[in-house]
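Participant: Structure incoming, see below.
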Amino acid sequence: VVELLFTRGALVDAYSKTHGAPLIAANFKGHSGVLQVLLRHGANINEEGGQYGTVLHTAAVMGNVHIAKILYDEGQTSRPGVSRYGSALKAANDKSRLEVMKLLLDCGA
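First residue of the sequence shown? That's 1 in full-length UniProt numbering, and the numbers climb one at a time after it.
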């Protein structure tokens with residue numbers, strides 16, 4: 001369905017007030033397949049917005065370890081200070097997301 005939307009002219013980085021860009025919304029809902037399609041179509045991996053800051057912060061808060069791994073594999077790194085939680089590692093810690101914390105530490109956070 002997402003691929004079809006792009007053939008019909010959907011914007012990969014269209015913004016909504018609730019979740020920010022589609023990449024953040026897909027992450028928030030845990031839709032890793034949609035997230036990968038968005039990345040293939042050029043979505044901004046460094047996008048900020050929504051409630052949690054960056055795409056990686058959203059993955060950390062929501063406990064989306066698979067999405068956090070995809071983001072690191074695509075070159076996303078944790079940037080402190082762009083979220084009310086501080087770093088993505090702090091966000092994962094604050095929400096007791098142990099698997100995400102381990103991944104972030106393994107990736108050098």
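The beta-carbon is built from N, C-alpha and C at its ideal position, and this holds for glycine as well.
For F6, which residues in the same chain have their Cβ closer than 6 Å to its Cβ, ignoring the five residues on either side in sequence?
Facilitator: H41
Participant: In the UniProt repeat "ANK" (18 to 50), which residue ranges form an unbroken alpha helix (DSSP H) of at least 4 residues, counting only runs that do not cross its ends?
Facilitator: 22 to 28 and 32 to 40
Participant: Evaluate E74 with the Cβ neighbour count: other Cβ atoms within 10 Å of its Cβ, from every protein chain shown; 16 or more gives buried, anything less gives exposed.
Facilitator: exposed
Participant: May I have the straight-line CA-CA distance separating G53 from V34, to the nearest angstrom?
Facilitator: The alpha-carbon atoms of G53 and V34 are separated by roughly 19 Å.
Participant: Contact defined as beta carbons within less than 8 Å: I believe V65 pairs with V100. What is the distance between those atoms, to the nearest angstrom?
Facilitator: 5 Å
Participant: With a threshold of 16 other CB atoms inside 10 Å of the CB of L38, please say whether the residue is buried or exposed.
Facilitator: buried
Participant: Taking the alpha-carbon positions, what's the N27 to G49 distance?
Facilitator: Separation of N27 and G49 (C-alpha to C-alpha, rounded to the nearest whole angstrom) is 12 Å.
Participant: How many whole angstroms separate the CB atoms of A91 and A60, which I take to be in contact at a CB cut-off of 8 Å?
Facilitator: Distance from A91 to A60 at the Cβ level is roughly 4 Å; contact confirmed, criterion being Cβ atoms closer than 8 Å.
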